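What follows is a short report on a single structure.
Here it is, written out as C-alpha cells:
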C-alpha cells in the first residue's frame, strides 16, 4: 500500500498526481472465500480489515450491492460519543471511541476524527435527572461525561439560546469532551484501502440474492448478482436491509426499518464549535469542516425502504433548531436526504452468532451506528473468526429478547442517537 | 406527507394518523399456552417486508379507529386499506396494483 | 457609479425608476426590474465572489438559480442579513446592501488567494492523505485552520427579525414553471375546468419568454402574447398564480412543497411575513421547469467575464444590459449563435465564435454567418488570460481526431460559452420517477413517472418554441382529464422566427496541453477540476457517487446544476463506459436552498409547542409559583415566599402538609372514563390488578405494564358504578395509555362492550392533604358523608363541593389523610380559591410538585418514570401485591414468566437509602457500589432514583434500585462521587408512618 503522508502529497504533486495507485482494487468475485461479509459500509469493511489484520483471514470478500459507503455510512450526521447509560453499552461504545482515537494512524487514512465535544441539552427536570444518572454511571465506567450549567453550555457553544423564556428552556447539558465527529466517507474508503492492502476483495455492484445452506443447516455460500460464491462463514452487516438479507437464511429478526432524515445548510464560516443534541425537542447539529450546518432529524413513523422521509419531520427538526439557535433562522437548507435505520425493540444493536451455523449478524444500530463503526467492526470480526462473541459484545445477542434481558437505552434516554 | 385512506373517513393527510406497526400479529388467545420463543416472536419478531407490507394505522385525529393497510415499503404507495377483522386483501389485489 | 453598460433601449426594466444600492460599500444604481446581478453588470462589475477552495476571483456566470459564483450576503442589518444569496436571483430594491463573501480583506485582494498558488499540493481529497500526525493534531491544529478557510458567507449575527407563514392547499392541477410550456399547460387545465395552481420562481411569469425578443406566437410578439395569456389566466377564476414561488420538493402522494418569497423585495413593508411555505396536494402535476445551460470545461474557464451564452443574451434582452464590449463565444450548441446575434445587435463586438463542432449548421448559424459574425468551425479554446476580468481567449483549431493545433490569443472582455442544455429533471427525479438517458439529446430526461405527473417542454428536452407550447398544452389537457376534467382538444401554436437549435457537449474540451499543468473547472464554486475527476477515478473511486464525494463536484450550493453533466461526461471518457451505465447522482430536495425559518413557520417562541395549563394555573402564577415543564404541561413546582429558595419553600410546604394541610393542583393527571357492561373485564385484561370484585364507590391503585412485562403507567382507579370506572394515569402517560387501551379494545378484545373517553381536560383535580384536610373540606361538601366511617381511605363518592358537582376521592399520595376533589374544569379555580381561603385559619398551604415528590418518597410511593425507566417489573418496584394472581391473563403477564424476569436473576429492586451523614443529600442518578476503591469500570449495584432533604425526618433520604436490594437491607454500600465517597445504609423504602396510621388523619 502506498503510504499517505504530506511528503507523498508533495512527491506526487511533482508528477501532477498521475501516479497514485487505486485505493482499492476493483475486484471480481472468486468462486470461494474463507469468509464473506455482506455489506460494504464502514461496519462491513472494518470487519474485513480486522479479520485480515487481527485474525489472519486474508481470503475474504466484502460484497456490496451498490457502492461502498453508500448506505448509512455515507448518510449519517457523523456524531461519535460513548456516554451511554448501561454498562454493556458504555463498554461497547467506549471500545469504539478508543479505536476512533487511533484510527487515522492505524489505517493511514485521515478520517478526520474531531474530538470537538458533544453537548446533550436538558430541557426539563426529568432530562436533568436522566443525564445526571448517565454522568454518574459513565464516571464509574471510566467514560467522560460532565454536567454543564446553561451558562457553561453557552460558553461551550456560543450560538446556543439559553433564555429562560424559551418554550423548552435549556436547564443544563451533559458534555462528553472526547466525543465529536468524523468524516463518514473516509471511514469507508480508509477501511476499504487498508483491507484491500491485506488482500481482501472488495466487490461492488454485487447484490446477494440467496444464502445457501447444507443438510445440517450450515451456510455454504451465497448467490449474487455476479455469480455464486462458496463460503462457510457469512457476516451480515447490511444496515437498512438486515431483515431482507437474514430472511434469505430463513431467519426473522426483531427489527423494523424506518426512514431517518438529515440535512445540511449552505456552507458558512466557522461558527458552531461542537455537536449539540436535544432529544427532547428532536434536533441535533454540528458544523462540517466544509462549513455546512449538519442537522439530524427524527425517524418517520412508518417502516420504509425508500430512503426518504416526510417534509413535516425535517420541518419539525428545523423548528427546534431555529428556537435553539435563533441566529440561524435565515440560514437555508441546501440538501436533505434519508437513510434506512434498522431498529431493535430495545434500541441496542445485535452483534452475534445466529441460530444458523456459520451465519453472523451485526445489525440493529438504529440511528446510532456510525459512532460504533470501529468497535462494532472489531468485535464482529472477533465473533466471526472465533465463532464466539467477545466479552464486550456477548450481551448484544439475539437471545436477550426471549429472556427479557434487554439493554434498553431507549427507555433510559428517550431516544438513542 | 402520505395521503392515507381511512376506511371510515376517506383520504386524510398523514398528520391525522398514528402508525401502529405490523398488522396480523396475533396475540395468543391464552398466552399461558405459548412457549417463550413463541411469545418472543409475538413481541419482537417482525417481517419488516421490503415490498407490500401489511400494517396498522390509527386515525387518531379523526374517527380514532385502528385499521389495516397494505403499503409498498419501496415506494410508500398504498395498495389497500381495510378494517380490523377483515382478512388481508388477496393476492389478486396486490398483483393488480 | 452610473450604469455605463445599460443599453439605451430594450429590456423589461423600468427606466423611469432608478434604484440605488451598495455592493461592498460602494454606492451604485440600477433600475426597477433588475436583479442584483444585472445591476452589477450594468455598472460594469463582473467580479462578484471568490471560489471556495482556491479563492479564485469569480464573476457572474449565469442569470438564474444555477449561479455558482456570484453569491453575496444581503441585508442592511443583522436581523435581515442572509448569506450566500445568488445575485442572479436577488431582486433589486431601493437601499439594498450587499457584500461579497469568502474574501479578506477585500474582493480584489484576498490573502487566501495564496491557495491558488499551492494548488498542485492540494488536489481533490488531499486532506484524506495527510494531517494525521501527531495523533490529536487534527482536532487541535489542522482542522481549525482548514475550517477557517472553508465556508462561504457568514451566519447572521442576530436573530431573524422577520416572520414566516405557512399554508396548505389542494388543487386539481399544479403547474410548476410559467414559461411557455407551463403557461400553455395552465391554459389547457383551466379550459378543462380544473382548479389550477401555477407557480414560478421568478418575479414575473414567462420564463424564457421574458427574454424572447425575436419570436411571435399566434401572430403576436412574444411579450404581448405573454401579457395577454397571463391576463386570460388571471381572468379565469379557477386559477391561482404564485410568482416568486419555487417548487422545491416533490413528496409522496403528489404533495409538493413551494416557498413563496413575499417581502424581501419590498423594503419597508413591516408586519408581513418574509416567506410562505405552501404544501400543495395536487391530483395531477405538470412539471414545466425548463432547462439549464451547461458551461464548457477548458483551462482557466472561470475568470470573471466568462459567462454562459444564454445568460449574456438574457442580460441584454431582458435587462437591457451589455455584459461587455468585445466578446468571444465558444460553443458546442447552436443557441450560442443566437446569443452572439443578440449581443451584436446590442452593440457588443463579436471577436470570434469558436464552435468545437467541425461543421455547425442550422438556422441560427446561418443567421450569424449572414450577419457577418466571425464563425470559426472546428475550433476549441485552450486557455484564457486576465486576473480580475478575462482579457483574452486562446483559440485553436480542433481536428476531427481530437488533435489541437496552435492557439491564437483573441482579446476580449467577455467570453461566452455554451455546452448545450440540461433539462431540469430535479422535481421529477425527487418524485422517484425514473430518468432515462437520451443519446440524441445528450441528456437525462424523464421516463416512467412514479406519481401522477406530466412533464412538458424543455425539462423533457423539447426545445422548439412551437413544440414547447404544444407540448405544454397537451400535458395540461392530459392532466386536467386525469384529474377528472373535461376533454380539451389539442391546440397548436403558430410561431415565427424561432429556429431550432441543436448540439451539445458534456465533458472537458480537448486543449492539447499537459494536463498536469492546467485547471479546467467543472464545479466552479467548489473548485473541482477535470483533473480532480480523473484523479478520483484513477484512485479507484469509480462510482459517480464516489467521484462526487471525493472531488466535491456537485456538492456546492448549486447542487450540481452547473457541474453534474460535465462531470459525467469526463467520467464516461475516462471509464470508457456510456453515460447511461454510469447514471446520475440522486436528486434531493430542495431544488434551491430554502430558508430554515419558512420550514419552522409559526412554531416559534410560545407557539413552538403546545402549552397546557390547568384551571388553577393563573392563580398559581399570581401567587409567585415557580413552574416546571412536565410533558406539555406547566406544573407549579413550588410556591416560594419572599426570600425563600426552593429548598426552603419545599421544607415549609412539607411541614405544613404533615402538620396541618396542603392543597395541590393534580389536574394534569390523565383521566379516562371506562364505561360499559364489560368495563371491569376490560380493566382485568389491561391492568395487573383484579377489578371484578372492586365495589362501586371504592378505589384501587392500578398498575399497567407493557406487553413485555415492564411498568408503563400507574394511577388510582375508581369504580363509579358497576359499568363505569374513573381511571387516572400519570401526567405524561395519558395519551399513551388511552392509545394502548384503544388498541386492545379495538383489535384484541373487540367482543367486549366497553367505551373509552379521555376526560383529562374535563376535570380539575384539587388534592387536599393533611391531618386537617377533612375539617377544611367538610363545610363545602353537600350530598355525602365524608366521615371516616362513611368514607374510608380509597373510596369515592359523587357529591357537590362548593356547590359544584364533584367526584370526591378519598386518596393519599402523601401518606396523610387526603382527598382529591374532581370538579368540572371550568369551576376548578373557583373551588380551589374557596377551599384555599377557608383553609387559611387551619394553616393550609399551597404546595407544588417538588413537595409532592418529597412527601410521596417519604412514604416509598414510586413515580413512574423516576423509580421506573422501562426496565422495571412490578416485583422490582415492590408492587407484586398489586397483581391479581388468579387472573388468567393481563397485558404483560406472559412476559413476566420469562427466564430473565424473575427468580434466579439478580434484578434491581426498590429500596430506601440513608446516608451515614444525615446532612448529606445524595444526587439523583448517583451509582452504588460495594467497593469504592475498585478501578473503573466499577461494578455498579444500583442507582439513586429519588433523593431529598426530608423536613419531616430532619435528615436526608433516598430511594434506589439495587441489585437484589431487598436481601441487602441493613448492608452498607458506597456512592463514589468526584473527590469523595458517601456511605449509605440500605433500608426499606418507607421512611414515614410505615403502619399507615396517618392515612386516617
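Chains as they are written, first to last, in UniProt numbering: chain B, 1 to 417; chain R, 1 to 97; chain D, 1 to 1001. Ideal placement from N, C-alpha and C gives every residue a C-beta, glycine not left out. All values derive from a computational prediction rather than experimental measurement.
Assign residue 280 of chain B to one of two classes, buried (16 or more other C-beta atoms within 10 Å of its C-beta) or exposed (fewer than that). Buried is the call here.
Would you kindly check if the distance between the Cβ of residue 811 of chain D and the Cβ of residue 653 of chain D is under 8 Å? Residue 811 of chain D sits away from residue 653 of chain D, with the two beta carbons spaced by 8 Å or more.
List, in order along the chain, the chain D residues whose C-beta lies closer than 7 Å to that of residue 176 of chain B? Per Cβ cutoff of 7 Å: no residues; residue 176 of chain B is ~14 Å from chain D at best.
Is the Cβ-Cβ distance between residue 234 of chain B and residue 360 of chain B less than 8 Å? With respect to the 8 Å criterion, residue 234 of chain B and residue 360 of chain B are classified as neighbours on the basis of their beta carbons.
Beta carbon of residue 310 of chain B nearer than 8 Å to that of residue 19 of chain R: No, they are not a contact pair.
Chain R partners of residue 753 of chain D, CB-CB under 7 Å? Correct list: empty, because the minimum Cβ distance to chain R is about 16 Å.
Nearest-angstrom Cα separation, counted from residue 859 of chain D out to residue 53 of chain R: Those two C-alpha atoms are separated by around 49 Å.
Ignoring anything shorter than 4 residues, give me the alpha helix (DSSP H) runs that lie fully in the segment 371-410 of chain B, in order along the chain. Entirely contained in the segment 371-410 of chain B, the alpha helix (DSSP H) runs reaching 4 residues are, in chain order, 373-386, 400-403.
Along the chain, which unbroken stretches of the alpha helix (DSSP H) at least 4 residues long are found entirely within the segment 320-347 of chain D? With a minimum length of 4 residues, the continuous alpha helix (DSSP H) runs that stay inside the segment 320-347 of chain D are 335-345.
Less than 8 Å between the CB atoms is what I'm expecting for residue 179 of chain D and residue 290 of chain D, so what's the real figure, rounded? About 5 Å separates the beta carbons of residue 179 of chain D and residue 290 of chain D, which is inside the 8 Å limit, making them a contact pair.
Residues of its chain near residue 417 of chain B, where Cβ-Cβ distance is below 8 Å and the 5 sequence neighbours each way are ignored: Any reading at residue 417 of chain B is ruled out, since the residue's pLDDT is 34, under 50, leaving its predicted position unreliable.
Return helix, strand or coil for residue 355 of chain D, following the three-state DSSP convention. Strand at residue 355 of chain D.
Taking just the CA atoms, how far does residue 535 of chain D sit from residue 433 of chain B? There is no way to answer for residue 433 of chain B, as the model of chain B reaches only from 1 to 417.
What does a CB cutoff of less than 7 Å around residue 1038 of chain D pick up in its chain, not counting 5 residues either side in sequence? Chain D is shown from 1 up to 1001; residue 1038 of chain D falls before or after that span and cannot be answered.
Quick check: the Cα distance between residue 160 of chain D and residue 2 of chain D, rounded to an integer number of angstroms? C-alpha of residue 160 of chain D to C-alpha of residue 2 of chain D: approximately 33 Å in a straight line.
Expressed to the nearest angstrom, what Euclidean distance is found between the alpha-carbon atoms of residue 357 of chain D and residue 377 of chain D? Each residue's alpha carbon lies about 6 Å from the other.
Is it buried or exposed for residue 373 of chain D, if we count other Cβ within 10 angstroms and need 16 for buried? Classification for residue 373 of chain D: buried.
Does the beta-carbon of residue 779 of chain D have 16 or more other beta-carbons within 10 angstroms, so that it is buried, or is it exposed? Residue environment analysis places residue 779 of chain D among the exposed positions, since fewer than 16 neighbouring C-beta atoms fall within 10 angstroms of its C-beta.
Mapping DSSP to helix, strand and coil, what is residue 233 of chain B? Three-state result, residue 233 of chain B: coil.
Please give me, in chain order, every unbroken run of the beta strand (DSSP E) with length at least 3 that falls completely inside the segment 730-773 of chain D. The qualifying runs are 755-758, 763-769.
Any beta carbon of chain R sitting closer than 8 Å to that of residue 312 of chain B? At least one CB of chain R lies nearer than 8 Å to the CB of residue 312 of chain B.
Is there contact between the segment 71-90 of chain B and the segment 129-148 of chain B, where contact requires at least three CB pairs shorter than 8 Å? A contact exists between the segment 71-90 of chain B and the segment 129-148 of chain B.
Straight-line gap, residue 921 of chain D to residue 618 of chain D (C-alpha atoms, nearest Å): The straight-line gap from Cα to Cα measures roughly 33 Å.
Using a Cβ cut-off of 8 Å, pull out every chain D residue sitting near residue 62 of chain R, in sequence order please. Contacts between residue 62 of chain R and chain D, judged by CB atoms closer than 8 Å, are missing: the closest CB pair is about 13 Å apart.
Are the beta-carbon atoms belonging to residue 305 of chain B and residue 73 of chain R less than 8 Å from one another? Yes.
What first and last residue would you give for the alpha helix (DSSP H) that runs through residue 130 of chain B? Element bounds for residue 130 of chain B: 125-140.
Own chain, CB closer than 6 Å to residue 944 of chain D, minus 5 neighbours either side, in chain order: Only 922, 924, 926, 958, 960 meet the Cβ criterion.
The segment 6-17 of chain B: positions lying closer than 9 Å to chain D by Cβ: When CB distances to chain D are screened at a threshold of 9 Å, the residues of the segment 6-17 of chain B falling below it are 6, 7, 8, 9, 10, 12, 13, 14, 15, 16, 17, in chain order.
Check residue 67 of chain B in the structure and name its three-state DSSP category. In the three-state scheme derived from DSSP, where H, G and I count as helix and E and B as strand, residue 67 of chain B is classed as coil.
What is the DSSP secondary structure of residue 558 of chain D, counted as helix, strand or coil? DSSP places residue 558 of chain D in coil when its eight states are reduced to three.
Span of the alpha helix (DSSP H) around residue 362 of chain B: Here residue 362 of chain B belongs to no alpha helix (DSSP H); instead the beta strand (DSSP E) covers 359-363.
Just tell me which of D/380, D/352, D/129, D/964 has its CA closest to the CA of residue 399 of chain D. Distance check between residue 399 of chain D and each of D/380, D/352, D/129, D/964 places D/380 closest, using alpha-carbon atoms only.
Validate contact between the segment 555-565 of chain D and the segment 517-527 of chain D using beta carbons, cut 8 Å, 3 pairs: Enough Cβ pairs lie closer than 8 Å, so yes.
Please say whether residue 9 of chain B and residue 126 of chain D have beta carbons closer to each other than 8 Å? A contact, by the Cβ cut-off of 8 Å.
Straight-line Cα distance separating residue 11 of chain R from residue 451 of chain D: Here the alpha carbon of residue 451 of chain D sits roughly 17 Å from the alpha carbon of residue 11 of chain R.
Let me make sure I understand the geometry here. Which of D/85, D/821, D/531, D/456 has the alpha-carbon closest to that of residue 468 of chain D? For residue 468 of chain D, the nearest C-alpha among the options comes from D/456.
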